[in-house]
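In this note's numbering, the protein residues as written are 426 to 691. For every residue, glycine included, the Cβ atom is placed at its ideal position computed from N, Cα and C. Below is one structure; the comments refer to it alone.
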Amino acid sequence: MTDFQFKDNYSFYDLVDIVRRLRQPDGCPWDREQDHKSIRKNFIEETYEVCEAIDNNDIALLKEELGDVLLQVVFHSQMEAEVGSFDIDDVANDICQKLIIRHPHIFSEAKADNVDQVLDNWDKIKMETKHQQSTSEAINSICKALPALMYAQKVQKKAAKVGFDFETTMQALDKVYEEANEIKDAVEQNDTENAIEELGDLLFATVNVARFIGADSEEALMNASKKFAQRFSLVEKAVLESGKRMSDLTLSELDSLWDEVKIKMS
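Laid out in structure tokens, this is it:
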């Protein structure tokens, strides 16, 4: 690697070249051993770290984490370049083609004066280019590797576009109560298998309510989980400061502390 040119500032294609060098026979042993599956989790982790930087409004961290995601894109592309199927330029070409085709209001004569029209055009063109003839095909094409709540939202949204939907938020909420009662019945009957199935239905119905009130169910659950963790931390702190352990208190006593913390945080 003595021919490598060190620079003060590197470009995108410098990154491509560095990854190519790392994958060469005399490159990095770890990088040479990787395949698509072995670094799949890395891709997911890096993507979530970008999301965390966005959530924290940390621009410096965002730049760093976007670089890590970009590395993943280049890494996967380099693997395929080595076997001659495609390279990073092919990846860039395909996304450019997709953007041009799905924005006819920019690159051709189509009209789209608002966001809804843009999204309608996008969905129609997507179905055409993927040769989908029905909503069922569109639903079945939704990525199964998505987090479950996000997947449910997308499934419901596709169905709603063709009118398969509740008319009001209250109707969606009534379905939550219905599913909650069904899981209650299953639990009372000691029917674990049915209880698990009903739990899934309850979660799906809850996602529907989130969609109706304009909430993202993933974000709503994450915020609730963070809130629980913060309140639990304060409860535990109060218990430890009293010279006791959590296990020394009854559930009723812990609930009282929880209510106190809840009031202070509200």
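**OP:** Would you tell me roughly how many angstroms separate the C-alpha atoms of L486 and V475, rounded to the nearest one?
**Re:** 8 angstroms
**OP:** Please report the residue range of the alpha helix (DSSP H) in which P450 lies.
**Re:** Note, P450: premise wrong, no alpha helix (DSSP H); not H, not E.
Original post:
Going by beta carbon distance, what residues of the same chain come within less than 7 angstroms of F629, once the five residues before and after it are set aside?
Top reply: A577
Original post:
How is the alpha helix (DSSP H) around A537 delimited, first residue to last?
Top reply: Where A537 is concerned, there is no enclosing alpha helix (DSSP H), given that its DSSP letter is neither H nor E.
Subject >> Presumed contact (8 angstroms Cβ cut-off) between L574 and E643, rounded CB distance >> reply: 5 angstroms
Original post:
On the three-state DSSP scale, how would you describe R527?
Top reply: coil
Original post:
How would you call V587, buried or exposed, if buried means at least 16 neighbouring beta carbons within 10 angstroms?
Top reply: exposed
Original post:
In the structure shown, what three-state DSSP assignment does S677 receive?
Top reply: helix
Subject >> Cβ separation of T594 and V632, assumed to be a contact under 8 angstroms, to the nearest whole Å >> reply: About 13 angstroms separates the two Cβ atoms, so there is no contact after all.
Subject >> Rounded separation between G509 and A535 - CA only >> reply: 37 angstroms
**OP:** Indicate the three-state DSSP secondary structure (helix, strand or coil) for I484 in the structure shown.
**Re:** helix
Subject >> Per-residue burial, I638 [other beta carbons within 10 Å of its own, 16 or more giving buried] >> reply: exposed
Subject >> Beta-carbon spacing of R457, R448 below 8 angstroms >> reply: yes
Subject >> Span separating the alpha-carbon of L627 from that of E604 >> reply: 5 angstroms
Subject >> Buried/exposed call for S502, threshold 16 Cβ in 10 Å >> reply: buried
Original post:
Using the rule of at least 16 other Cβ atoms within 10 Å of the residue's Cβ for burial, across every protein chain shown, is V540 buried or exposed?
Top reply: exposed
Original post:
Mind checking L665: buried by the 16 CB within 10 Å criterion, or exposed?
Top reply: exposed
Original post:
By a C-beta neighbour count over all protein chains shown, 10 Å radius and 16 as the cutoff for buried, is E471 buried or exposed?
Top reply: buried
**OP:** Could you work out which residue in K583, H461, L676 and R656 is closest to K551 when comparing CA atoms only?
**Re:** K583
**OP:** Would you kindly work out how many angstroms separate the C-alpha atoms of E592 and G625, rounded to a whole number?
**Re:** 22 angstroms
Subject >> Own chain residues within Cβ distance below 8 angstroms of Q670, not counting five before or after >> reply: Contrary to the premise, residue 670 reads as Arg rather than Gln in this sequence. Once the five neighbours on either side are set aside, the close Cβ partners of R670 are V664.
Original post:
Can you name, in chain order, every residue of its own chain whose Cβ lies under 8 angstroms from the Cβ of V612, other than the five neighbours on each side?
Top reply: A620
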